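Here the structure comes first, spelled out in structure tokens, and everything after it is commentary.
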Amino acid sequence: QVQLQESGPGLVKTSKTLSLTCSVSGGSINSGGYYWSWLRQLPGKGLEWIANIHYSGTSYQNPSLRSRLTTSIDTSNNHFSLRLNSVTAADTAVYYCARGLGVTAFDVWGQGTTVTVSS
Amino acid sequence: QSVLTQPPSASGTPGQRVTISCSGSSSNIGSNTINWYQQLPGTAPKLLIYTNTQRPSGVSDRFSASKSGTSASLAISGLQSEDEADYYCAAWDDSLTLVIFGGGTKLTVL
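For the protein sequence lines, the chains are A and B, in the order given.
Start counting the first sequence at 276; every next residue gets the next number (this note's numbering).
Start counting the second sequence at -8; every next residue gets the next number (this note's numbering).
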């Protein structure tokens, strides 16, 4: 079955760029109508959606993050990526990648990776 | 404060049936499908219900959901200790143009 795994630095300095990659195994990133998604969970808080991207290039992004956000998909290497620039402590969170059955139903999740933003 | 409103907590005893509500508006629940997630402590969320009432393969039939107008609810029957978790509803919001989550409901099995 499809599995997702996030990777990237656990510590990012304030004002720098947070970069994460989600590796997809057990299935092709360009098969089916799936969206590939990023979400996060701030410490002790609920879930926040960041973005969805389809292998065709169609993407949806959280308007509150859009100005700082870049998402991409690499079908050759079966992974997708997130870049969030100008980070602050408010971006400290557990970041999850997920597969979307459409835009809002995330049926497969990575285990999550904790990213701390600190000076 | 979340656009989708859930009670912060719910509780029940083993074997009992509990429901968790999710209240929204015409721009989200009223015009789009809703999904429910279960998050056990220290783990990633798990899709419990999609497209209002559908259970993914492998999800127990003790979980069911309904939607009416701008509100939805998740029901858990035959409550078990392993159901103790946080539960979130989620939907697309046409006005905000983003996926929104409820604030989450912490379910305690007494």
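Note that beta-carbon positions come from the ideal geometry of N, C-alpha and C, so glycine has one too.
Small disclaimer: the values here were computed from a predicted structure and weren't measured.
Span separating the alpha-carbon of residue i from that of residue j
| i | j | result |
| --- | --- | --- |
| A/A397 | A/V392 | The shown model of chain A, from 276 to 394, leaves out residue 397 of chain A, and the question about it has no answer. |
| A/Q336 | A/N327 | 6 Å |
| B/L98 | A/V362 | 33 Å |
| B/K58 | A/T289 | 43 Å |
| A/T296 | B/S22 | 33 Å |
| A/P284 | B/I67 | 39 Å |
| B/I40 | A/S342 | 32 Å |
| B/I11 | A/S351 | 43 Å |
| B/Q(-8) | A/Q316 | 15 Å |
| B/R8 | B/G69 | 6 Å |
| A/G385 | A/E281 | 6 Å |
| A/Y370 | A/S312 | 11 Å |
| A/R358 | A/D382 | 23 Å |
| A/S300 | A/A380 | 19 Å |
| A/T367 | A/T346 | 18 Å |
| B/P5 | B/G95 | 21 Å |
| A/G332 | B/S2 | 44 Å |
| B/G49 | A/L344 | 35 Å |
| B/Y78 | B/P32 | 11 Å |
Cβ-Cβ separation, residue j to residue i (assumed contact under 8 Å), whole Å
| i | j | result |
| --- | --- | --- |
| A/V390 | A/L293 | 6 Å |
| B/G93 | B/Q(-3) | 4 Å |
| B/V(-6) | B/D84 | 6 Å |
| B/N26 | B/A81 | 5 Å |
| A/V277 | B/V90 | Not quite, the Cβ-Cβ distance comes to about 20 Å (not below 8 Å), so this is no contact. |
| A/L286 | A/C372 | No, A/L286 and A/C372 are not in contact; Cβ-Cβ is about 19 Å, not under 8 Å. |
| B/S62 | B/S14 | 5 Å |
| A/H354 | A/S298 | 5 Å |
Boundaries of the beta strand (DSSP E) in which residue i is found, first to last residue
| i | result |
| --- | --- |
| B/S2 | 0 to 3 |
| B/I67 | 62 to 67 |
| A/N327 | 322 to 328 |
| B/N26 | 25 to 30 |
| B/A76 | 76 to 84 |
| B/Q71 | Neither: B/Q71 is in no beta strand (DSSP E) and is coded neither H nor E. |
| A/L376 | Per DSSP, A/L376 belongs to no beta strand (DSSP E) and is neither H nor E. |
| A/L314 | 310 to 316 |
| A/Y335 | 334 to 336 |
| B/A56 | 54 to 59 |
| A/Q280 | 278 to 282 |
Residues that residue i contacts on chain E, provided the C-beta gap is smaller than 7 Å
| i | result |
| --- | --- |
| B/N26 | The structure shown contains no chain E; its protein chains are A and B. |
Residue i and residue j closer than 9 Å at C-beta
| i | j | result |
| --- | --- | --- |
| B/V100 | B/S72 | yes |
| B/A76 | B/Q45 | no |
| A/R374 | A/Y330 | no |
| B/P36 | A/L322 | yes |
| B/S17 | B/L87 | no |
Q) In the region 88 to 101 of chain B, which residues sit with their C-beta less than 9 Å from some C-beta in chain A, listed in chain order? A) T88, L89, V90, I91, F92, G93, G94, G95
Q) Using Cβ-Cβ distances below 7 Å, what residues of the region 371 to 384 of chain A are close to chain B? A) Y371, L376, V378, T379, A380, F381, D382, W384
Q. Using Cβ-Cβ distances below 9 Å, what residues of the region 57 to 83 of chain B are close to chain A?
A. D77, Y79, A81, A82, W83
Q. Relative to chain B, which residues along the region 295 to 308 of chain A have a C-beta separation below 8 Å, given in chain order?
A. none
Q) Which residues, in chain order, does the region 12 to 24 of chain B contribute to contact with chain A at a C-beta distance below 8 Å? A) N23, T24
Q.
If the cut-off is 7 Å on Cβ atoms, which residues from the region 332 to 348 of chain A count as contacting chain B, listed in chain order?
A. N337, P338
Q. In the region 35 to 54 of chain B, which residues sit with their C-beta less than 8 Å from some C-beta in chain A, listed in chain order?
A. A35, P36, K37, L38, Y41, T42, P47
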